[in-house]
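Counting along the sequence shown from 1, when you hit position 203 you're at 183 in the numbering used here, and nothing is skipped either side.
Here is the structure we will look at, set down as structure tokens.
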Amino acid sequence: MLTDRVRLLRWLFPLFFFQAYLGLSVLLFFFGPWPWPVQEPESLLVFLLASQACFLVGYLAAACAPSPKGAELDPLKLRCFFDFCLVISLALAVPTSLARTGSAIPDILFGISDPGQAYLDNYYRLLGGNAYVWAEYLRILLAVPITSTFPLLVYLWGSLGRRRRLLGTGAVVFHMCVYMATGTNKGIADVVITLPLLLVLASWSGGIRLQVFRPRYLVLFVLAFALFLGFFSAGQVGRVGGVGQSGVLPAGQVTVQADRRDGEYAQLLSPALMVTYESLTRYMGQGYYAFAASMELDSPSTFGFGNSMFLNRNMDTLLGTHYFTENALPNVLEQRKGWSMMMLWHSLYTWLVSDFGLGGTLFLMGVFGFLLSLGWRRCLDRQGVVWLTMVYMMLILFYYAPANNQLFQIGETTSAFAMALLWLMLSGERLFYLRDG
């Protein structure tokens, strides 16, 4: 029997984790290797701390939401939904590879050996048009089952047979290979950063018999993360302009150079580790710098469509205008201060402020915290299916918050979030409950 204290701590675990993570990102911004030239650091710090406070309030507020009494998931319905998700993911695997790499089988050897060149080659290929773009539209329409496949595979692992495990793992690995073939970190990073928390959730909810905090499993997590860092570092070395190797970032009207001369890390780390450390802190810090630079800018409202490149581009196409793209805050920042909208990071906050202002952005941080909290609790109690998909998306959102509005930048996850939220608001989870539950 679990004590109330243990249940409470398990529910609060994501809150503790992301408060520490976001706090670390703030510390690295102000005291890391990059001397960001922020005009009003006090204002930036106050906002970043306020955003974490709103996240805290939203997370705790979910305690007021009642759980469905006596609700119990139907194992057969749950397995059927997983099978549906798996079939969709497998059916779209090759078309997705054709759309994103130009090849039916992703060339991971080239992506691993020269990720920088692979990234450039694919970038120029897409500039010339994409004959398989229809696969991307299909993924948008089927976003919920596609997005659900990986978290469900982890969550249900203990109750799945060998065939389902192999097929599910194959679908996830193939998806990662698509990103590896293009020298892109995102697909691998999404799995590496969310898998530990999904395993914790599956273990604590009884989905797998695995004590994830045992030393041997922690060592495996560390090794997996180290492998990802190796791929990440290789990609940074090969990027155009020598940003990774030189430790120099063209930041619009100014150039920021890593503090290799006076920074103690330069003497303590090997050249490869130094590039990795600088690149990670650059990814985490440049978004905050962009947000700080944008705080002093005025821009007209984009009416809910400026916070996402997917939304503003499609709204412009629909209305035959350039209004939403031109007036999105990241684009205004580029026009006035030279900070590239497409080539540099902006943080989650810069994108959200485009539509919702500073106060609205803080409110949304509370909403996102509420969704993560409620979904985590439902999944701990084995009362959530689409809630699990929502938890997975919120994990990605908070992980990338310092750098980018990652969840809403592409159509697939924007669509998945909108459809999952609508499903949950309409209490669609009841479909997966036992009839007498």
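All residues carry an ideal CB built from backbone N, CA and C; glycine is no exception.
From a predicted model like this one, the values you see are computed outputs, not experimental measurements.
Which term fits residue i, buried or exposed, when burial requires 16 or more other beta carbons within 10 angstroms of its beta carbon?
| i | result |
| --- | --- |
| Pro280 | exposed |
| Val312 | buried |
| Arg410 | exposed |
| Met(-19) | Only weak support exists for where Met(-19) lies, its pLDDT of 44 falling under 50; the value from the coordinates is given anyway. Answer is exposed; the Cβ neighbour count stays below 16. |
| Gly340 | exposed |
| Ile85 | exposed |
| Gly337 | exposed |
| Gln19 | exposed |
| Gln363 | buried |
| Phe388 | buried |
| Tyr438 | Here the chain comprises residues numbered -19 to 417, so residue 438 is not present and cannot be evaluated. |
Is the beta carbon of residue j closer than 9 Å to that of residue i?
| i | j | result |
| --- | --- | --- |
| Tyr1 | Tyr380 | no |
| Ala151 | Trp114 | no |
| Asn307 | Ser334 | yes |
| Ser185 | Cys44 | no |
| Leu178 | Pro131 | yes |
| Arg59 | Ser139 | yes |
| Leu8 | Gly227 | no |
| Gly38 | Val347 | yes |
| Asp170 | Ile376 | yes |
| Val(-14) | Leu181 | no |
| Asn385 | Thr305 | no |
| Tyr99 | Gly163 | yes |
| Val234 | Pro17 | yes |
| Thr76 | Arg105 | no |
| Pro46 | Tyr413 | no |
| Phe10 | Leu(-8) | no |
For the beta strand (DSSP E) that contains residue i, what are its first and last residues?
| i | result |
| --- | --- |
| Ile230 | In the sequence as displayed, the identity of residue 230 is Pro instead of Ile. Residues Val228 to Ala231. |
Where does residue i sit, in a helix, a strand or coil, going by DSSP?
| i | result |
| --- | --- |
| Gly417 | Residue placement at Gly417 cannot be trusted, given a pLDDT of 42 that sits under 50; what the coordinates show is reported in the next sentence. DSSP places Gly417 in coil when its eight states are reduced to three. |
| Leu249 | coil |
| Gln237 | strand |
| Met426 | The chain is shown only over -19 to 417; residue 426 falls outside these bounds and no answer can be derived. |
| Arg105 | helix |
| Leu387 | helix |
| Glu244 | coil |
| Met(-19) | In this prediction, Met(-19) scores a pLDDT of 44, lower than 50, which makes its location untrustworthy; no coordinate-derived value is stated. |
| Glu20 | coil |
| Val113 | coil |
| Thr282 | coil |
| Ala123 | helix |
Return the bridge partner residues of residue i from the DSSP annotation.
| i | result |
| --- | --- |
| Leu377 | Note: Leu377 sits in no beta bridge, so no partner. |
| Leu53 | Tyr413 |
For the alpha helix (DSSP H) holding residue i, just list the boundary residues, first then last.
| i | result |
| --- | --- |
| Glu276 | No alpha helix (DSSP H) contains Glu276, which DSSP labels as neither H nor E. |
| Leu360 | Ser327 to Leu360 |
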